[in-house]
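Trainee: Under this note's numbering, think of the first position of the sequence shown as 14, with each following residue one higher.
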Amino acid sequence: MNKPVDLPVTAIDPDDIGYNESSNAHFSSILNARLSRRSLLRGGAASAAGALFGSLGLSACGGGGGGGGDDAATGEKLLNFNAVAWSKDDIVVVPGGYTATVLYALGDPLKGTTTDFKNDGTDADFEDRAGDHHDGMEWFGLSAADAPSTSSTNRGLLAMNHEATSNSGTKTSYFLHADGGTNSTSRPKAEVDKEMKVHGVSIVEVNRTGSTWTTKKDSTFNRRITPLTPVELDGVASGNDLLKTIYAPGGTTARGTINNCGTGKTPWATLLTGEENWNGYFVRGADTNRVDTSTIALSRYGIGKNKTSRHAWESGDTTDEYKRWILDQTAGAADTDFRNEMNTFGYIVEIDPYDKNRAIKKRTSMGRFNHESAAFSKPVAGQPLAVYMGDDVANEYIYKWVSTAVWDPLDANPVDRIATGDKYLNDGTLYAARFDLDAGGNGIGEWQALSLANPDVAAGFNGYTFANPGDVAINVRLAADAALATPMDRPEWCAVNPANGEIYFTLTNNSSRRAVPAAPPSTQKAPNAANPRTYTEGSSNGNVNGHIVRIKEDTGPASSTFTWDVYLFGAEQGADLASINLSALTKDQDFSSPDGIAFSHSTNICWIQTDDGAYTDVTNCMMLAALPGQVGDGGPTSIANTDVTGTISVDTVVGAKATSGTLKRFLVGPKDCEITGLCETPDGKALFVNIQHPGESTPFSAFGLPGNPAAYLSHWPGNAGYGAGGALARPRSATIVITKDDGGRVGS
14 MNKPVDLPVT
24 AIDPDDIGYN
34 ESSNAHFSSI
44 LNARLSRRSL
54 LRGGAASAAG
64 ALFGSLGLSA
74 CGGGGGGGGD
84 DAATGEKLLN
94 FNAVAWSKDD
104 IVVVPGGYTA
114 TVLYALGDPL
124 KGTTTDFKND
134 GTDADFEDRA
144 GDHHDGMEWF
154 GLSAADAPST
164 SSTNRGLLAM
174 NHEATSNSGT
184 KTSYFLHADG
194 GTNSTSRPKA
204 EVDKEMKVHG
214 VSIVEVNRTG
224 STWTTKKDST
234 FNRRITPLTP
244 VELDGVASGN
254 DLLKTIYAPG
264 GTTARGTINN
274 CGTGKTPWAT
284 LLTGEENWNG
294 YFVRGADTNR
304 VDTSTIALSR
314 YGIGKNKTSR
324 HAWESGDTTD
334 EYKRWILDQT
344 AGAADTDFRN
354 EMNTFGYIVE
364 IDPYDKNRAI
374 KKRTSMGRFN
384 HESAAFSKPV
394 AGQPLAVYMG
404 DDVANEYIYK
414 WVSTAVWDPL
424 DANPVDRIAT
434 GDKYLNDGTL
444 YAARFDLDAG
454 GNGIGEWQAL
464 SLANPDVAAG
474 FNGYTFANPG
484 DVAINVRLAA
494 DAALATPMDR
504 PEWCAVNPAN
514 GEIYFTLTNN
524 SSRRAVPAAP
534 PSTQKAPNAA
544 NPRTYTEGSS
554 NGNVNGHIVR
564 IKEDTGPASS
574 TFTWDVYLFG
584 AEQGADLASI
594 NLSALTKDQD
604 FSSPDGIAFS
614 HSTNICWIQT
624 DDGAYTDVTN
634 CMMLAALPGQ
644 VGDGGPTSIA
654 NTDVTGTISV
664 DTVVGAKATS
674 GTLKRFLVGP
684 KDCEITGLCE
694 TPDGKALFVN
704 IQHPGESTPF
714 SAFGLPGNPA
724 AYLSHWPGNA
734 GYGAGGALAR
744 PRSATIVITK
754 DDGGRVGS
């Protein structure tokens, strides 16, 4: 293996380090070795590989560069491209026969009157420009009459998140400022203003003329949503005492959205955007006036006393736009300070991309945590809708929201899209997942209701007692702790297979998994059936490569039980087949740290994107194309985990092993980037993908005036001829569009 034994410290984002001190494991029987079954189970896993295509009418056909299967509807071969090789180059690599074009990058103007982006740190007006760190993204079609369209393939809106901005451990977002900015806890107002405005969401019109895609800079649909945009707090927590601030004493409104990561698209054509690492923007000092139990909740969300903020935005000025980031409690009531400001973040946010006059609503009933994407169950008339979500922090949980209202097909094209969201996203029940194995070694699970009707939740957790249903939604991690949900290896994106309704969750990694965890109050967790690996090659690091879990509801979206297996294990191709490379990945398909995931509604290809720190000595981050199988297409197995403190054997359920026809690397990105965000036109002939933070680890020493551009770790996309700067350009996050040179569907 090329990776060093110990994962570099810089590969672990502090936002992903967990704060879950609960003892939730639920797997005492699973963690005992089942030696009498083990050899039988290992044989069973291998023999089931042929079942991979059972539910989709697909058939395997050859390896190497050949197609992976036939589309049952068209007969067209899928995965009919040569796998892309590893790359460390500062470019985007796609298969032969495909073209990737930069479409929309950091700083690109959204108004015809806004100047072109100079990319030298002097640009301003980011409320009218593309933000930074392009992330989750959805397509919304437009007709020639400016109406929503489900069939338009040449004109539409891209609605995308701008998660963060590069700072490589410094306070300043150095690529945005001419001299790199002020790297201190006292930041100039002008720098803070610029950094705030590159966060949030973009909505931009895009058009295809012939084979060329462009943005429309003067579109009336174009807009930016930032941390300063007014929003409404809707749902069960609206008006709750824990949401009241000096800015919004009623607890029903707030300002802005931040650290937006994954997305979702509702069946009524609105955008759902998830607020992820919002807690890093807040500061808390000695906080001597706070003596209530809210300190328990603050700690559960990673906010202890004397916590500093990521960018020191609170220092920019003395007005409340800046002081809102300070959580200290005064001697007065909640409406005299910003003690509750952080409670207004951490939600699924609904936006109507077609109507900028409609309210932006935070759906508090769906819970407050580090949200990634939101994936809907297949809408069925007369059945409730389920929305699946993950909390992207080590040892956090998988969630499901089930609406009280049942689906009415007339709501697919409503007069008022946000009012339709009120109907399905305010009233319902939130659940957390508990994973287990049955006596035969099959994956089973239960959804635990996170409501005061659940006696475990009503009893509270760790000294915290919930005052009302709104309190449960605001502090839902504590409710999931109380309900004995299963701590997972950083649940990131999720996606629903349109062919059979099964749900896929990417679990990116977890550095704190240990075969034998340290004693409390350590937040280390032992492996369990759904998170069965620690890193076993002489290192004390945990699951550094991640995996993808697959869930099948037993009786539909409102089911209280499910079955599951592990679809794929991330691993380097040379890793041990019995303990790490359990999916038998080869050099054409190995990957690490799965993050983004989405299904094509045209081809049913499952697209998998990576955000890796464990394998980047060999290759940049990537995107793979996979043909999904079905839960149970593999079989039970047992994994021996060994680290410096001991050895333990864990039973799990593994999907059918990957083959050259069912999993291929499709794209490798430029240096130091993450591949994230994906959507397509309805015909599947244009695929939009985001390249986030190329060159993110560039040292601050490369800046100053005149600076040292040669020291930037990436110059993409300037080195590819896009925008100002050329071969020595400052790197920019950007959206690319991928098309097939013969005009066919991407991935076929």
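Backbone N, C-alpha and C fix where the C-beta goes; we use that ideal spot for every residue, glycine too. Note that this is a predicted model, so its numbers are computed, not measured.
Can you give me the C-alpha to C-alpha distance between Asp664 and Ala346, rounded to a whole angstrom?
Mentor: Answer to the nearest angstrom: the Cα atoms are 52 Å apart.
Trainee: By Cβ distance below 7 Å, which residues in the same chain neighbour Val211 in space, the five residues on each side in sequence not counted?
Mentor: Contacts found: Phe139, Gly144, Asp145, His175, Thr178, Leu189.
Trainee: Identify whether Asp368 lies in helix, strand or coil by the three-state DSSP scheme.
Mentor: Note: Asp368 maps to coil in three-state DSSP.
Trainee: For the pair the stretch 161-172 and the stretch 685-698, tell me if three or more CB-CB distances fall below 8 Å.
Mentor: Contact holds: three or more Cβ-Cβ distances are below 8 Å.
Trainee: Round the Cβ separation of Leu726 and Thr711 to the nearest angstrom and send it over; I've been treating them as touching at under 8 Å.
Mentor: Correct: roughly 5 Å between the Cβ atoms.
Trainee: Would you say Pro280 and Ala425 are within 8 Å of each other, going by their C-beta atoms?
Mentor: Result yes, Cβ atoms of Pro280 and Ala425 sit closer than 8 Å.
Trainee: State whether the stretch 497-515 contacts the stretch 327-342, with contact taken as three or more CB pairs (one from each stretch) at a distance under 8 Å.
Mentor: No, the stretch 497-515 does not touch the stretch 327-342.
Trainee: If I measure Cβ to Cβ from Ile487 and keep anything under 6 Å in the same chain, skipping five residues before and after, which residues do I get?
Mentor: Closer than 6 Å at the Cβ level, and outside the excluded window around Ile487, lie Ala250, Leu255, Asn356, Arg381.
Trainee: Tell me whether Leu640 is buried or exposed, calling it buried when 16 or more other Cβ atoms sit within 10 Å of its Cβ.
Mentor: Classification for Leu640: buried.
Trainee: Which class does Glu34 belong to by DSSP, given the choice of helix, strand or coil?
Mentor: Coil at Glu34, not helix or strand.
Trainee: Rounded to the nearest angstrom, how far is the Cβ of Ala172 from that of Pro397, given a contact under 8 Å?
Mentor: Contact flag wrong, Cβ pair sits at about 25 Å.
Trainee: What does a CB cutoff of less than 7 Å around Val485 pick up in its chain, not counting 5 residues either side in sequence?
Mentor: Excluding residues within five positions, the ones whose Cβ falls inside 7 Å are Leu463, Ser464, Leu465, Val470, Phe479, Ala492.
Trainee: Is it the case that the stretch 644-658 contacts the stretch 614-621, given that we only count it when at least three CB pairs across the two stretches are under 8 Å?
Mentor: No, they do not touch.
Trainee: In angstroms with no decimal places, state the Cα-to-Cα distance between Val105 and Gly441.
Mentor: Cα-Cα distance, rounded: 43 Å.
Trainee: For the stretch 409-433, which segments carrying the beta strand (DSSP E) assignment without a break, of at least 3 residues, lie completely within its bounds, in sequence order?
Mentor: Entirely contained in the stretch 409-433, the beta strand (DSSP E) runs reaching 3 residues are, in chain order, 411-419.
Trainee: If we require 3 or more residues per run, which beta strand (DSSP E) segments fall completely within the stretch 514-595?
Mentor: Whole beta strand (DSSP E) segments, 3+ residues: 516-520, 560-566, 574-582.
Trainee: Who are the near neighbours of Val419 in its chain, counting only those whose CB is closer than 7 Å to its CB and skipping five residues on each side?
Mentor: So the qualifying residues of the chain are Gly395, Gln396, Pro397.
Trainee: Using a Cβ-Cβ cutoff of less than 7 Å, which residues in the same chain neighbour Glu151 once the five nearest sequence positions on both sides are dropped?
Mentor: Here the set comprises Ala172, Thr276, Lys278, Leu284, Cys692.
Trainee: Is Val759 helix, strand or coil when you go by DSSP?
Mentor: Val759: coil per DSSP, three-state reduction.
Trainee: Which of helix, strand or coil does DSSP assign to Ala742?
Mentor: Here Ala742 sits in coil by DSSP.
Trainee: Who are the Cβ neighbours of Gly514 in its own chain at under 6 Å, not counting the five residues just before and after it?
Mentor: Cβ within range, chain order: Lys391.
Trainee: When we look at the beta-carbon of Leu54 and count the other beta-carbons within 10 Å, is it buried (16 or more) or exposed?
Mentor: Summary for Leu54: the model assigns pLDDT 30, below 50, so the residue's position carries little reliability; its value from the coordinates is reported in the next sentence. Classification of Leu54: buried, given that the 10 Å Cβ count is 16 or more.
Trainee: Could you pull out every residue in the same chain whose Cβ sits closer than 6 Å to the Cβ of Pro778, ignoring the five residues on either side in sequence?
Mentor: Outside the displayed range of the chain (14 to 761) lies residue 778, so it cannot be described from this structure.
Trainee: Within the continuous beta strand (DSSP E) that includes Met173, where are the two ends?
Mentor: Note, Met173: beta strand (DSSP E), 168-175.
Trainee: Mapping DSSP to helix, strand and coil, what is Phe479?
Mentor: Coil, per DSSP.
Trainee: Taking all protein chains shown into account, do 16 or more other C-beta atoms lie within 10 angstroms of the C-beta of Ser606, making it buried, or fewer, making it exposed?
Mentor: Per the 10 Å Cβ criterion, buried.
Trainee: Which residue wins for smallest C-alpha separation from Asp685, given the options Gly674, Gly734, Asp625, Phe679?
Mentor: When only C-alpha atoms are compared, the closest one is Asp625.
Trainee: Roughly how many angstroms lie between the CA atoms of Ala157 and Gly756, to the nearest whole one?
Mentor: Taking the straight line joining both Cα atoms gives about 22 Å.
Trainee: Using a Cβ distance threshold of 8 Å, determine whether the stretch 580-598 contacts the stretch 536-551, with at least three qualifying pairs required.
Mentor: Yes, the stretch 580-598 touches the stretch 536-551.
Trainee: Just to confirm before moving on: does the CB-CB distance between Lys257 and Val296 stay below 8 Å?
Mentor: The answer is no: Cβ separation not under 8 Å.
Trainee: Taking the Cβ atom as the reference point for each residue, do Ser761 and Asn93 lie within a distance shorter than 8 Å?
Mentor: Contact flag set, yes.
Trainee: For Glu354, does the three-state DSSP call read helix, strand or coil?
Mentor: Glu354: helix per DSSP, three-state reduction.
Trainee: Taking 8 Å as the threshold (C-beta atoms), are Trp414 and Val393 in contact?
Mentor: Not in contact: Val393 and Trp414 (Cβ atoms no closer than 8 Å).
Trainee: Start and end of the alpha helix (DSSP H) containing Val470?
Mentor: Residues 468-471.
Trainee: Which class does Arg490 belong to by DSSP, given the choice of helix, strand or coil?
Mentor: Helix.
Trainee: Any idea what DSSP makes of Glu89, helix, strand or coil?
Mentor: Coil.
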